[in-house]
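In what follows, a single structure is set out as structure tokens and then discussed.
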Amino acid sequence: MADDFRVLPQDVQDAATSCDATANEVQAQLQELKSYVQGLEAEWNGIASQTFAALMTDYDIFSTMLENALRDIGSGLRGNYVNYTDAEDANIRGLTSVHGTIPGAHFR
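If you count the sequence shown from 1, position 76 lands on 76 in our numbering, and the numbers rise without skipping.
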């Protein structure tokens, strides 16, 4: 069952790029929604207007948190990509240097 799951370094790199693209897309959609909703603000009066303002403040906070989360996921994936490829490169260098010092087999 473990053989069914494979992730290559490029997959991790691609996922990071996808997170960035998704963050940009979501941010644009949220900004569009905010502009639309703010266009309705003039219709609200009294307590409804105050509640609307408070909800828009929450909206700004949570939309920023969502964008930051997506960007942080992308950043973490990029860090994993770098760590993985650096470790693989170090392993290959280590094996290459060891290979040169191992004497060949002497069969009789």
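Even for Gly, the Cβ is constructed at its ideal location relative to N, Cα and C.
Pairwise C-alpha distance: residue j and residue i
i, j, result
"Ala54", "Gly39", "16 Å"
"Ala28", "Asp20", "12 Å"
"Ser63", "Ala15", "21 Å"
"Pro9", "Val26", "26 Å"
"Leu77", "Thr22", "14 Å"
"Glu67", "Ser97", "45 Å"
"Leu33", "Glu41", "13 Å"
"Asp58", "Ala69", "16 Å"
"Ser75", "Gly46", "44 Å"
Sequence-distant residues of the same chain with beta carbon closer than 7 Å to residue i, five excluded per side
i, result
"Thr51", "none"
"Asp86", "none"
"Leu95", "none"
"Leu131", "Beyond the ends of the chain as shown, which are 1 and 108, falls residue 131; an answer cannot be given."
Residues near residue i by beta carbon distance below 6 Å, same chain, minus five either side
i, result
"Arg71", "Ala23"
Whole-angstrom C-beta distance between residue j and residue i, which should lie under 8 Å
i, j, result
"Tyr84", "Val12", "7 Å"
Nonlocal neighbours in the same chain, by C-beta distance under 8 Å from residue i, ignoring five residues either side
i, result
"Glu88", "Pro9"
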